[in-house]
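Quick note: the sequence shown, position 127, residue 126 per numbering that gives the first Met the number 0, numbers continuous. Yeah, the Cβ is synthetic: ideal placement off N, Cα and C, and Gly gets one too. All values derive from a computational prediction rather than experimental measurement. Structure, as C-alpha cells:
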Amino acid sequence: MTDRSDDDFRIRPGAPKNRGQGFVSKVLKQAGKASSGKSMVRRPGGSGKGAGTGQRPGSRLGRGHTAARFAGAKLTSMSRRVTIKTLLVNQRQASPQSLAKHLRYIERDGVGRDGEPGQAYGPQTDAADLDAFKERCADDRHHFRFILSPEDGAELEDLRTYTRHLMGRMEADLGTGLDWVAVNHWNTDNPHTHIVVRGRDDTGKDLIIA
C-alpha cells in the first residue's frame, strides 16, 4: 500500500522553443527579397550599404503596410460594413483616353440623388474641376480607382462627408496627402461613391500602396 495518489504527477517544463520570426514578418521579408533580389533587413553591426539602419521587413513594399497589419483589430459586430473595390490603372499601358472616359462616366447624367448629373468633389471643394485633375494626372505612371459602398449608404445623412472622413483616414495610414476626386452615385439600390486617386504622393513620388 502507498498513500501516494495515482493522480499526482510532476511536470518538468522544458526549455522554450525559439519560434523565430512571426508569419507576417516572414512574408514581408520574402517579398522584400523578391522585389530586390536580396533581403533589405539590416541589423546593427552589419556590413555593407545600409548597415545598422535597422530597416524593417517590408519597408520598401509601399505605404500602408504597417496599418494593414492592424486592420480590423478594433472591429465589432456594431461596426459598419463597407465594400471597397479597387483598380490600379497603369497609364502607360491603358488607352490615352482611359482616365478622361472614366471621369466622364462617373459624372454622367442620372446618377444624382434626384436623377441629375453627378457632381465631382474633393477634399476641400464641393465642385471639383475634373479637367484640371486629369491634367495633373497626365504624366503619372498610374492612378487608383475605388468604389466605396457602405451597407447603409441610403441611410447615411451625408455620403460626401463620410467619404472625406475615410480619405482622411487613408492619408493618415499612408503617411501622405492625396490628390483625389469623387462622385456619389444614387442610381442603384446601394448608393456608392466613385473615387479616383492620383498615383503620386505629396512629395511628387510614385504612390505605392502596400
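Arg-144, enclosing beta strand (DSSP E) - first and last residue: The residue labelled residue 144 in the question sits at position 145 within the sequence shown. First-last of the beta strand (DSSP E) with Arg-144: 141 to 149.
For Thr-160, the first and last residue of its enclosing alpha helix (DSSP H): Translated into positions along the sequence shown, residue 160 becomes position 161. Start and end: 158 to 173.
Complete runs of the alpha helix (DSSP H) confined to the segment 96 to 142 [at least 4 residues]: 97 to 105 and 129 to 136
For Ile-208, the nearest candidate out of Asp-108, Thr-160, Glu-170 and Leu-129 (CA to CA): Within the sequence shown, numbered from 1, the residue matching residue 208 stands at position 209. Ranking Asp-108, Thr-160, Glu-170 and Leu-129 by Cα distance to Ile-208 puts Glu-170 first.
Span separating the alpha-carbon of Leu-173 from that of Leu-206: In the sequence shown, counting from the first residue as 1, residue 173 sits at position 174. In the sequence shown, counting from the first residue as 1, residue 206 sits at position 207. About 9 Å.
One or two residues paired with Thr-85 in a DSSP bridge: As a working mapping, residue 85 is identified with position 86 in the sequence shown. In DSSP, Thr-85 forms a bridge with Phe-145.
Per DSSP, the bridge partner or partners of Thr-192: To locate residue 192, count along the sequence shown from 1; it is residue 193. Paired residues: Leu-147 and Asn-183.
Residues of its chain near Asn-186, where Cβ-Cβ distance is below 6 Å and the 5 sequence neighbours each way are ignored: For the purposes of this step, residue 186 is identified with residue 187 of the sequence shown, where counting begins at 1. Here the set comprises Gly-109 and Val-110.
Inter-residue spacing [alpha-carbon to alpha-carbon] between Gly-176 and Val-81: Translated into the one-based positions of the sequence shown, residue 176 becomes position 177. Translated into the one-based positions of the sequence shown, residue 81 becomes position 82. Each residue's Cα considered, the two are about 23 Å apart.
Contact set for Ile-83: own chain, Cβ-Cβ below 8 Å, skip 5 residues either direction: Within the sequence shown, residue 83 is the residue found at index 84, counting from 1. Phe-145, Ile-146, Leu-147 and Ser-148.
Outcome for Gln-20 when other beta-carbon atoms lying within 10 angstroms are tallied against a minimum of 16: Taking the first residue of the sequence shown as position 1, residue 20 is located at position 21. Because the pLDDT of Gln-20 is 48, which lies under 50, any placement of that residue in the model is unreliable, and the number read from its coordinates should be weighed accordingly. Exposed.
Under the three-state DSSP convention, the category Val-26 falls into: Start at 1 with the first residue of the sequence shown, and residue 26 comes out as number 27. Unreliable positioning characterises Val-26 in this predicted model, as indicated by a pLDDT of 46, which lies under 50. A coordinate reading is not provided.
Those residues which DSSP pairs with Asp-238 across a bridge: Since the first and last residues shown for the chain are 0 and 209, residue 238 lies out of range.
For Asp-201, the nearest candidate out of Leu-158, His-193 and Arg-135 (CA to CA): Within the sequence shown, numbered from 1, the residue matching residue 201 stands at position 202. Cα-wise, what sits closest to Asp-201 is Arg-135.
Whole-angstrom distance between Gly-121 and His-191, CA atom to CA atom: Looking up residue 191 in the sequence shown gives position 192. Looking up residue 121 in the sequence shown gives position 122. Answer to the nearest angstrom: the Cα atoms are 16 Å apart.
For Asn-183 and Gln-118, the rounded distance between their alpha carbons: Translated into positions along the sequence shown, residue 118 becomes position 119. Translated into positions along the sequence shown, residue 183 becomes position 184. If I take the Cα positions, the gap works out to 7 Å.
CB of Ile-105 within 8 Å of CB of His-164, strictly: Your numbering for residue 105 matches position 106 in the sequence shown. Your numbering for residue 164 matches position 165 in the sequence shown. Against a cut-off of 8 Å, the Cβ pair of His-164 and Ile-105 comes out as no contact.
Counted within 10 angstroms of its Cβ, other Cβ atoms place Arg-199 as buried (16 or more) or exposed: If you number the sequence shown from 1, residue 199 lands on position 200. Buried, because 16 or more other Cβ atoms sit within 10 Å of the Cβ of Arg-199.
Beta-carbon gap between Val-180 and Leu-129 smaller than 8 Å: Locating residue 180 in the sequence shown gives position 181, counting from the first residue. Locating residue 129 in the sequence shown gives position 130, counting from the first residue. Closer than 8 Å, so yes.
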